[in-house]
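*Asks:*
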Amino acid sequence: MNTWFAQENYGDLPAEIVIITQIVSILYIVYFYQSFSNELKFGVHTFFVDGYKIILEKLTALLLVHLSLQIMLLLIVYMTFTAVYIFVGIEFSSIYVSLFRFLIDYMFFPLLFTCFIGLIIALIFGANKVSIFFIIIVWFLSGVINQEVFSSFFETVGANDWKNLLSIGPNSIYSVYQSYIGFNVDSGLELKLLAWFLLLISILLVSSLKWTILQREKKIILSIVTGLIIGCIGFGFLSVHKNSLAFNSVDEMKETERYEELHSVDTNLHYKIHTYDITIDGDDVRTEIEFDHTATNSPSFQLYYAYPVQKVMVDGTKVSYAREGDIIHINSGTDKFKKITFYYKLTDTALIPYSKNSTILLANHGWYPKKNCKHIFEKDAYLGTVQRTNDVKVNEAYYFTLTADDVLFTNIDSAGRNYKGKTSGLSLIKGEGNQLKYKNYDIVYPADWPNMPKRIEEVTNRLESILSEIYILAPMKVNALPSKLVFMNNTTPNLINNDHLVYSTNGSTLAINDEEVMKDFERNLKESS
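If you use our numbering, the sequence shown corresponds to residues 1 to 529, in order.
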């Protein structure tokens with residue numbers, strides 16, 4: 001029997017706070033409007049020479065009290081979510097830190113802004129009853145769920161579109177967490193919040209100018225506002241360029257449409273790869289390929305189109321190249337080369353999200369130059385949709401050396417920050433997740449999956465039995481469960497290889513050991529083979 005806690009998507013649980021924030025925010029706005037409009041109604045401050053200073057002091061006092069209250073509220077809500085996570089069995093990991101960051105971005109700051117909104121309306125309209133109309137309009141337009149309210153508009157706005165500055169809420173109030181990628185928070189969002197913070201302070205100060213008595217006060221305020229506006233524009237500009245594409249469906253649709261327009265290309269694969277030497281430093285990647293045999297002066301490789309190539313070296317000499325989608329053609333100048341070195345950058349895209357601390361680069365992602373004649377995604381003629389090509393050949397294997405930091409998972413052996421091994425396809429995951437050793441299996445699973453050590457036996461036994469049954473009936477490319485297992489609950493296609501299995505529940509919210517999920521093991525393993 002399924003229960004409330006018989007699920008895996010606990011990362012989405014804090015999304016509920018977004019709706020509560022929207023509801024509570026209008027109460028805060030009305031409270032601060034009434035408090036300050038009553039202060040202004042009697043005009044006591046006009047009796048004093050330093051009356052404008054008194055107004056600013058009252059505004060500052062209200063803001064500081066509100067700030068203190070929101071800090072206490074933030075801690076209470078965080079402890080509540082933490083208690084729930086501990087109760088359901090979420091292990092201690094970086095998810096608890098990122099949960100706090102999520103609450104700061106989607107609860108603390110939106111509720112802090114309500115104080116500014118209430119005070120600004122009070123300064124502009126005073127006790128005039130028309131102000132309630134503007135309170136409702138501002139609350140409706142600027143609420144943290146306005147991407148849901150105005151979905152028809154925001155469905156056309158990409159993460160790096162300036163129109164994205166019009167919303168401080170999540171792209172979806174139903175899905176705010178992705179396996180290994182983490183919560184829908186990033187530096188772009190926080191820069192946007194800072195831009196809004198400076199803008200609201202500027203409007204507050206400008207609105208207060210009508211209460212100034214001395215000309216000197218007006219000049220000081222205008223100079224401060226000028227600096228704040230410049231800062232606001234700067235933070236807004238940076239935000240647009242720093243926003244993550246991981247949670248934006250618009251960018252995913254655009255990228256999918258791009259792949260729908262791609263056609264097959266002619267490739268030259270007359271070479272045999274011996275070793276890969278990959279070094280990742282931040283988002284910079286250096287991949288050196290050594291060859292056993294070459295018989296072409298224009299070799300082709302598969303490399304994700306979104307990764308900008310800085311240069312390509314053939315036996316130490318810089319050469320030219322051309323790109324067609326995910327296929328890169330190298331002008332080697334000779335058909336007897338020994339090494340090709342690629343220098344390129346990892347970038348954030350909707351289909352393969354990347355940040356400094358999180359990314360999922362699977363063996364079939366084309367994140368390093370591969371011997372392949374296909375694009376990473378191709379349009380399925382039968383389904384009519386773009387599908388990831390399953391291009392990991394078990395009968396081919398290469399020696400890999402990998403140098404990288406903060407690696408959660410890779411399917412070759414670890415030696416500090418260096419990894420070495422032989423495999424047909426290299427997978428790499430950096431991000432929020434947990435590791436588990438069970439029997440001869442090395443298991444990696446999302447940080448928001450509870451009590452996995454208690455359930456892994458049931459899952460592995462089921463996978464082992466299904467693989468053996470399938471192999472008897474219709475031999476697969478892999479006849480035994482690999483020693484490295486990666487689980488996730490997004491829509492990433494399953495990948496099975498001799499040394500690792502990436503198994504996705506395809507977005508199901510049910511537990512990995514739920515009967516409804518386990519009954520699909522057989523079909524999903526067949527499709528991934």
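For every residue, glycine included, the Cβ atom is placed at its ideal position computed from N, Cα and C.
Nearest by alpha-carbon distance to T341: which of E515, I273, K484 and I135 is it?
*Replies:* That would be I273, whose Cα lies nearest to the Cα of T341.
*Asks:* Could you work out which residue in A447, P453, I496 and N451 is closest to L463 when comparing CA atoms only?
*Replies:* For the residues A447, P453, I496 and N451, the minimum Cα distance to L463 belongs to I496.
*Asks:* Which two residues bound the contiguous alpha helix (DSSP H) that contains N146?
*Replies:* Start and end: N146 to V149.
*Asks:* For W4, I'd like the list of residues in its chain whose CB is within less than 8 Å of its CB, leaving aside the five on either flank, ordered along the chain.
*Replies:* A caution first: W4 carries a pLDDT of 49, below 50, which makes its placement in the model unreliable, though a value can still be read off. The answer is none, since no qualifying residue turns up.
*Asks:* Using CA atoms only, rank isn't needed, just tell me which of S427, V407 and A404 is closest to V392.
*Replies:* The shortest C-alpha separation from V392 is found at S427.
*Asks:* Provide the residue span of the beta strand (DSSP E) that contains E288, from first to last.
*Replies:* Its beta strand (DSSP E) spans residues D284 to T294.
*Asks:* Would you report the Cα separation of F109 and K338, rounded to the nearest angstrom?
*Replies:* F109 and K338: Cα-Cα distance of roughly 56 Å.
*Asks:* Roughly how many angstroms separate the alpha carbons of L199 and I20, rounded to a whole number?
*Replies:* Cα to Cα, the separation comes out at about 25 Å.
*Asks:* In the DSSP assignment, find the unbroken beta strand (DSSP E) run with E155 in it and report its ends.
*Replies:* Careful: E155 lies outside any beta strand (DSSP E) and carries neither H nor E.
*Asks:* Quick one, which of R323, V138 and Y399 has its alpha-carbon nearest L27's?
*Replies:* It is V138 whose Cα lies nearest to the Cα of L27.
*Asks:* E217 lies in the alpha helix (DSSP H); which residues open and close that run?
*Replies:* Start and end: Q215 to K242.
*Asks:* Pop quiz: S424 and V394 are said to be a contact at Cβ under 8 Å. What is the actual Cβ separation, rounded to whole angstroms?
*Replies:* That belief holds up - the Cβ atoms of S424 and V394 are roughly 6 Å apart, short of 8 Å.
*Asks:* Determine whether the beta carbon atoms of I104 and L74 lie at a separation below 8 Å.
*Replies:* Their beta carbons are under 8 Å apart, which means I104 touches L74 by this criterion.
*Asks:* What is the DSSP secondary structure of G416, reduced to helix, strand or coil?
*Replies:* DSSP places G416 in coil when its eight states are reduced to three.
*Asks:* If I measure Cβ to Cβ from F125 and keep anything under 6 Å in the same chain, skipping five residues before and after, which residues do I get?
*Replies:* S131, listed in sequence order.
*Asks:* From what residue to what residue does the beta strand (DSSP E) around F277 run?
*Replies:* For clarity, residue 277 is Asp in the given sequence; the question names Phe instead. Looking at the DSSP string, the run of the beta strand (DSSP E) that includes D277 is Y271 to D281.
*Asks:* Measure the CB-CB distance between S414 and D348 and report whether it falls below 8 Å.
*Replies:* Cβ distance not < 8 Å, so S414 and D348 don't count as in contact.
*Asks:* If you follow the alpha helix (DSSP H) that S68 is in, where does it begin and where does it stop?
*Replies:* Start and end: G51 to V88.
*Asks:* Which residues does DSSP pair with K318 in a beta bridge?
*Replies:* Paired residues: M313.
*Asks:* Who does Y503 pair with in a DSSP beta bridge?
*Replies:* Answer by DSSP bridge pairing, in chain order: F487.
*Asks:* Please list, in chain order, all residues of the same chain as E155 whose beta carbon is under 8 Å from its beta carbon, the five residues on each side excluded.
*Replies:* Excluding positions up to five away in sequence, the list reads S249 and V250.
*Asks:* If we count Cβ pairs, one from each stretch, closer than 8 Å, do we get three or more for the stretch 182-200 versus the stretch 235-243?
*Replies:* The stretch 182-200 is in contact with the stretch 235-243.
*Asks:* Alpha carbon to alpha carbon, how far is V240 from V97?
*Replies:* One C-alpha to the other measures close to 25 Å.
*Asks:* Which same chain residues, not among the five before or five after R417, have their C-beta less than 7 Å away from its C-beta?
*Replies:* Closer than 7 Å at the Cβ level, and outside the excluded window around R417, lie T403, A404 and D405.
*Asks:* By DSSP, does L119 sit in helix, in strand, or in coil?
*Replies:* Helix.
*Asks:* With S98 as the anchor, note down where its alpha helix (DSSP H) starts and where it stops.
*Replies:* S98 -> alpha helix (DSSP H) spans I95 to L103.
*Asks:* Which residue or residues does DSSP assign as beta-bridge partners of D380?
*Replies:* In the DSSP output, where bridge partners are listed per residue, D380 has none listed.
*Asks:* Where F102 and L166 are concerned, what is the direct C-alpha to C-alpha distance, given to the nearest angstrom?
*Replies:* Going by the C-alpha atoms only, they are around 19 Å apart.
*Asks:* So, under 8 Å CB-CB, Q310 and Y343 are touching, yes? Tell me the CB distance rounded to an integer number of Å.
*Replies:* Confirmed, Cβ separation roughly 4 Å.
*Asks:* For N2 and C373, I'd like the C-alpha separation in whole angstroms.
*Replies:* Reliability fails at N2, whose pLDDT of 43 lies under 50, so the model's placement of it is uncertain and no value is given.
*Asks:* How is I169 classed by DSSP in three states: helix, strand or coil?
*Replies:* Position check: residue 169 holds Gly in this sequence, whereas Ile was assumed. DSSP places G169 in coil when its eight states are reduced to three.
*Asks:* Please say whether Y321 and V312 have beta carbons closer to each other than 8 Å?
*Replies:* Yes, these two residues count as a Cβ contact at 8 Å.
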